[in-house]
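Residue numbers (the working numbering): 76 to 246.
Heads up: the structure comes next, in C-alpha cells.
The structure is reproduced here in C-alpha cells:
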C-alpha cells in the first residue's frame, strides 16, 4: 500500500542522509516499522476461516528458521503445537492494541528527534535558511498530500484491477 511505500521512502531517506547515527531516534524508528508490519500481518490473517489458519501457520512458521530458538518461538506464538482459535483471538487482540502502541512509539520517535534535531548532511549553519514556518511548509505539505491523493485516485479510477484480482469486480 501507499502507506508502506511512504514508510520505506522515509527509511531510505534516513539511510541516505546518515540518520542512523542518531541511535535513539533510529532504533525507535526500526521498532516502529516492525510494529507496523506486525500489525499489518495480524490484519492479514484475521478474516476468520480456514485461510486465516493457513496464513498464520505459513507465515509464523518462517520463524522456525531461526537457529536454536525458532521452534520454541513458533510454539510460543501459536500457544501450542498448532494454530487454533486461541491463536487467532490473540492476533485479533494484538491487532487492536498495536495501533495505540504505534502512536506512542511515533511520539517517542518525535521526542528523540527533537532532542537531537534533524540531520544536516552538509554541516553548514542553517540559520540563514530559517523562514516563517506556516506559509511555505503548509503549502509544501498540502502539495505532497495532493500528489499522493492524485496518484492513488489515478490508480483507483483508471486501473482498479491492476494490483488485485479482476474477478473481484464481476457482478
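Glycine included, C-beta positions come from ideal geometry on N, C-alpha and C.
Predicted, not measured: the structure shown is a model, and the values here were computed from it.
Excluding sequence positions up to five away, which residues of its chain have a Cβ less than 8 Å from the Cβ of residue 163? Its chain contains 120, 121, 123, 127, 128, 131 as the residues whose beta carbon lies nearer than 8 Å to that of residue 163, once the 5 sequence neighbours on both sides are disregarded; these appear in chain order.
Measuring straight from C-alpha to C-alpha, what distance separates residue 88 and residue 98? Taking the straight line from one Cα to the other gives about 16 Å.
If distances are taken between C-alpha atoms only, which option among 114, 238, 151, 226 comes closest to residue 172? When only C-alpha atoms are compared, the closest one is 114.
Let's see if you can read the secondary structure: which residues bound the alpha helix (DSSP H) around residue 118? Residue 118 -> alpha helix (DSSP H) spans 98 to 119.
Is it the case that the stretch 147 to 163 contacts the stretch 203 to 215, given that we only count it when at least three CB pairs across the two stretches are under 8 Å? Output reads no: the stretch 147 to 163 does not touch the stretch 203 to 215.
Do residue 107 and residue 186 count as a contact pair if the criterion is CB distance below 8 Å? Cβ atoms of residue 186 and residue 107: not closer than 8 Å.
Measuring CA to CA, which of 224, 237, 95 is closest to residue 193? Considering only 224, 237, 95, the residue with the shortest C-alpha distance to residue 193 is 95.
Among 218, 110, 159, the one whose alpha carbon lies nearest that of residue 175: If we check each option's Cα against that of residue 175, 110 comes out closest.
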